[in-house]
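Keeping their order, the protein sequence lines are chains S and Z. Heads up: take any position in the first sequence, counting from 1, add 43, and you land on our numbering. Heads up: take any position in the second sequence, counting from 1, add 43, and you land on our numbering. Reading through the structure tokens given below for one structure.
Number of protein chains: 2
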Amino acid sequence: MLTIGTLARRTGTKVQTIRYYEQVGLMPEPGRSEGGQRRYGDAELDRLSFIRHARQLGFPLDAIRELLNLSDHPNRPCAEADEIARRQLRQVEQRLARLEALRTELQRMVRECSGGRTADCRVLEVLRDHSECLTDHENAGT
Amino acid sequence: MLTIGTLARRTGTKVQTIRYYEQVGLMPEPGRSEGGQRRYGDAELDRLSFIRHARQLGFPLDAIRELLNLSDHPNRPCAEADEIARRQLRQVEQRLARLEALRTELQRMVRECSGGRTADCRVLEVLRDHSECLTDHENAGT
DNA sequence: GCTACATGCTCTAGCTGCTGTAGGTTCAAC
DNA sequence: GTTGAACCTACAGCAGCTAGAGCATGTAGC
Chain S
44 MLTIGTLARR TGTKVQTIRY YEQVGLMPEP GRSEGGQRRY GDAELDRLSF IRHARQLGFP
104 LDAIRELLNL SDHPNRPCAE ADEIARRQLR QVEQRLARLE ALRTELQRMV RECSGGRTAD
164 CRVLEVLRDH SECLTDHENA GT
Chain Z
44 MLTIGTLARR TGTKVQTIRY YEQVGLMPEP GRSEGGQRRY GDAELDRLSF IRHARQLGFP
104 LDAIRELLNL SDHPNRPCAE ADEIARRQLR QVEQRLARLE ALRTELQRMV RECSGGRTAD
164 CRVLEVLRDH SECLTDHENA GT
């Protein structure tokens, strides 16, 4: 039986995050000690590892919920899990494309800055005048 | 004199977003009509365009605040603006590297999935067992 | 058995950067 | 004068946590 702190250390998760996962229904409500402290078993350790790993791969919590659901039904076809992963892959690819455009633009700004006064700063100039940009970068960033 | 709605349309910003920028001090408190509605001039139009453009390039609001500050002091050296842009570029490059690792891993998962039952699903299997991963992908995702 | 202290508990607020809604007011055209 | 679009303030909510307050429990040493 593991305390929440031990579970946290084993999975590289913060204690509060585990409680948060419980709150949003990703982790089950665990058993409690006589004094009311959470006690976890190996199943929960596996489940949390799964969640953390999926998070590291950028899956949103909703997708992880679906994946966990599928994982609980070994006889169902895996097309759904496959589709979730593909969706995530598409997302990642889209973000990559946007970030690459941003990188290009930022590199250009930085390269052209000659280090004078802010009045002549290329960085500020480009920001002031969108038409100086080579690439599209709408909805970018985050 | 522009109303907030016109300013919003001209800059591709939502009205609420403009009010939000005012609230967090990115936009100045504008003049008001007799009835208390905001009225903007060209300076504000430029300032908001600057903000939006910087946001499209992924600069966080704090960085934009600094950039605007620098922009208001044309005689100061532009090293600071340059540094802010470089910092942003580094951020973008880091995110790119992480996302590329994610893409690799997701591609592998998807490619190896043979479309059987979830019990044998590669996607779920990889998520269950971190050691199957080729790349590092810690702190990834968002 | 007692004390000290790490760890646990719940609850609430805060982070970023907006976005949406409720319930009311102003403006401009007709 | 009346309509209807656009405006106003104030506040709640999104994701995915994270941090803190104020208190309870668990455990190790003595």
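Note that beta-carbon positions come from the ideal geometry of N, C-alpha and C, so glycine has one too. This one's a predicted model, so the numbers in the text were calculated from it and none came from an experiment.
Taking 9 angstroms as the cut-off, decide whether the C-beta atoms of residue i and residue j are in contact.
i	j	result
Arg160 (chain Z)	Phe93 (chain S)	no
Cys156 (chain S)	Cys156 (chain Z)	no
Leu38 (chain S)	Glu87 (chain S)	This structure cannot settle anything about residue 38 (chain S), because the visible part of chain S is limited to 44 through 185.
Glu65 (chain Z)	Pro71 (chain Z)	yes
Arg108 (chain Z)	Thr54 (chain Z)	no
Val153 (chain Z)	Leu132 (chain S)	yes
Thr56 (chain S)	Leu110 (chain S)	no
Leu139 (chain Z)	Leu139 (chain S)	yes
By Cβ distance, which residues of its chain are closer than 6 angstroms to residue i, with the 5 residues on each side in sequence left out?
i	result
Thr185 (chain S)	A caution first: Thr185 (chain S) carries a pLDDT of 43, below 50, which makes its placement in the model unreliable, though a value can still be read off. So the list is empty, once near-sequence residues are dropped.
Ala106 (chain Z)	Ile127
Gly74 (chain Z)	Arg82
Val67 (chain Z)	none
His116 (chain Z)	none
List the residues of chain S whose Cβ lies closer than 7 angstroms to the Cβ of residue i, in chain order.
i	result
Ser114 (chain Z)	Thr161 and Leu167
Leu110 (chain Z)	Leu167 and Leu170
Near residue i, which residues of its chain fall below 8 angstroms by C-beta distance, leaving aside the five closest residues on each side in sequence?
i	result
Val58 (chain S)	Ile47, Gly48 and Ala51
Glu123 (chain S)	Glu109 and Leu113
Ala97 (chain S)	Ala106, Ile107 and Leu110
Arg119 (chain Z)	Leu113
Gln134 (chain Z)	Gly101
His173 (chain S)	none
Using a C-beta to C-beta distance shorter than 8 angstroms, which residues of chain S count as neighbours of residue i?
i	result
Glu136 (chain Z)	Arg146
Val153 (chain Z)	Asp125, Ala128, Arg129 and Leu132
Pro117 (chain Z)	Arg160, Thr161 and Ala162
Pro120 (chain Z)	Gly158, Gly159, Arg160 and Thr161
Quick one: which chain Z residues come within Cβ less than 8 angstroms of residue i?
i	result
Ala106 (chain S)	None at all; the shortest Cβ gap to chain Z is about 11 angstroms.
Glu143 (chain S)	Leu139
Gln150 (chain S)	Leu132
Ala97 (chain S)	Leu170
Leu45 (chain S)	Result: empty, since nearest Cβ-Cβ is about 18 angstroms, beyond 8 angstroms.
Ser92 (chain S)	Arg171 and His173
Interface residues of chain Z around residue i at Cβ under 9 angstroms?
i	result
Gly84 (chain S)	Near Gly84 (chain S) there are no residues of chain Z at all, since even the closest Cβ is about 16 angstroms away, more than 9 angstroms.
What residues from chain S crowd round residue i, counting only those whose CB sits closer than 9 angstroms?
i	result
Arg62 (chain Z)	Within chain S, no residue comes near Arg62 (chain Z); the closest Cβ sits about 21 angstroms away, beyond 9 angstroms.
Excluding the 5 residues flanking residue i on each side, which residues of the same chain have their C-beta closer than 7 angstroms to its C-beta?
i	result
Gly84 (chain S)	Met44
Tyr63 (chain S)	none
Closer than 8 angstroms: is that where the CB of residue i sits relative to any heavy atom of the ligand PLP?
i	result
Asp105 (chain Z)	Although the ligand PLP was asked about, the structure shown includes no ligands whatsoever.
Kindly confirm or deny that the stretch 95–102 of chain Z and the stretch 154–165 of chain S touch, where touching means at least three C-beta pairs closer than 8 angstroms.
no
Would you check if there are 3 or more beta carbon pairs closer than 8 angstroms linking the stretch 148–159 of chain Z to the stretch 121–133 of chain S?
yes
Residue ranges of each alpha helix (DSSP H) run of no fewer than 4 residues wholly in the stretch 50–80 of chain S, ordered along the chain?
58–66
Give the list of continuous alpha helix (DSSP H) stretches no shorter than 4 residues that lie fully inside the stretch 85–129 of chain Z.
85–99 and 104–114
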